[in-house]
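In our numbering, the protein residues as written are 179 to 357. We treat Cβ as the ideally placed atom computed from N, Cα and C, and that holds for glycine.
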């Protein structure tokens, strides 16, 4: 049976407190597992806000970090459906404030020579990096909590976003959490 953090009355109380929930699903590292997982979300009408998948330190397993939108379905229903999948080994909810979450954004913005200093100053304050500079554009990267990535993306709109790519959210429980 899969471990399910966040179930029971305490978890139900927290469900009402925030819209997006981060689930960490450990699955067998086999062909077709991700397809079955995404098919389940599609069939049931569950909306995925973010998805990241990678092998764990044990090559037999992969870790799927999925952020689900609770407006599409109750959390308990999503967990029960995931638990029915054959290759799912473990399901765990990571609560906001009790996990470290990060996302990567790579973005190309309009930035002629006259605006570059201002843009680099903003980027430095956010902790980002310049990846490439062209005649009228700059490619930037920023790693951070999703809210900081959202804020920086909004700030960049004034420059003109040419192309933008964000990874799915990755997360680990804080080390001081009792499990």
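Item to check | Span of the beta strand (DSSP E) around residue 239 | outcome: Under the DSSP assignment, residue 239 falls in the beta strand (DSSP E) whose first and last residues are 239-247.
Item to check | Span of the alpha helix (DSSP H), counted from its first residue to its last, around residue 298 | outcome: Counting along the chain, the alpha helix (DSSP H) containing residue 298 begins and ends at 294-304.
Item to check | Where the beta strand (DSSP E) containing residue 233 begins and where it ends | outcome: Where residue 233 is concerned, the enclosing beta strand (DSSP E) stretches over 225-233.
Checklist entry - Which two residues bound the contiguous beta strand (DSSP E) that contains residue 351? => result Note, residue 351: beta strand (DSSP E), 348-351.
Checklist entry - Which value, in whole angstroms, describes the spacing of the CA atoms of residue 243 and residue 339? => result The alpha-carbon atoms of residue 243 and residue 339 are separated by roughly 27 Å.
Checklist entry - Smallest Cα separation from residue 320: which of 238, 305, 310 and 224? => result In terms of Cα proximity to residue 320, the closest of 238, 305, 310 and 224 is 305.
Item to check | N-terminal and C-terminal residue of the alpha helix (DSSP H) that residue 211 is part of | outcome: Segment 211-222, the alpha helix (DSSP H) holding residue 211.
Checklist entry - Taking the C-alpha atoms as reference points, what is the distance between residue 252 and residue 292? => result Spanning the two alpha carbons is a distance of roughly 50 Å.
Item to check | Close-in-space but distant-in-sequence residues of the same chain around residue 150 (CB under 6 Å, 5 per side omitted) | outcome: Only positions 179 to 357 of the chain appear in this structure, which leaves residue 150 out of reach.
Checklist entry - Below 8 Å, can you find three or more Cβ-Cβ pairs linking the stretch 223-240 to the stretch 343-357? => result Judged by pairs of C-beta atoms under 8 Å, the stretch 223-240 touches the stretch 343-357, as three or more such pairs exist.
Checklist entry - So which of 240, 239, 241 and 256 has the shortest CA-CA distance to residue 247? => result The candidate whose alpha carbon is nearest that of residue 247 is 256.
Checklist entry - In three-state terms, what does DSSP make of residue 289? => result Here residue 289 carries a coil assignment [DSSP, helix/strand/coil].
Next on the checklist: According to DSSP, residue 199 sits in a beta bridge with which residue or residues?
Outcome noted: 246, per the DSSP bridge assignment.
Next on the checklist: Could you compute how far the alpha carbon of residue 297 sits from the alpha carbon of residue 332?
Outcome noted: The alpha-carbon of residue 297 is positioned some 13 Å away from that of residue 332.
Checklist entry - Apart from the five residues just before and just after residue 207, which ones in its own chain have a Cβ nearer than 7 Å to its Cβ? => result If we look at residue 207 and ignore the five residues flanking it on each side, its Cβ neighbours are 233, 237, 238, 239 and 240.
Next on the checklist: For a test of the three-state rule: what should DSSP assign to residue 262, helix, strand or coil?
Outcome noted: It is coil, neither helix nor strand.
Checklist entry - Just checking my contact of residue 285 with residue 260 at CB under 8 Å: how many whole Å lie between their CB atoms? => result No, residue 285 and residue 260 are not in contact; Cβ-Cβ is about 32 Å, not under 8 Å.
Item to check | Buried or exposed (CB count within 10 angstroms, at least 16 for buried), residue 199 | outcome: Classification of residue 199: buried, given that the 10 Å Cβ count is 16 or more.
Next on the checklist: As a quick exercise: from 336, 222, 217 and 201, pick the residue whose alpha carbon is nearest that of residue 300.
Outcome noted: The candidate whose alpha carbon is nearest that of residue 300 is 336.
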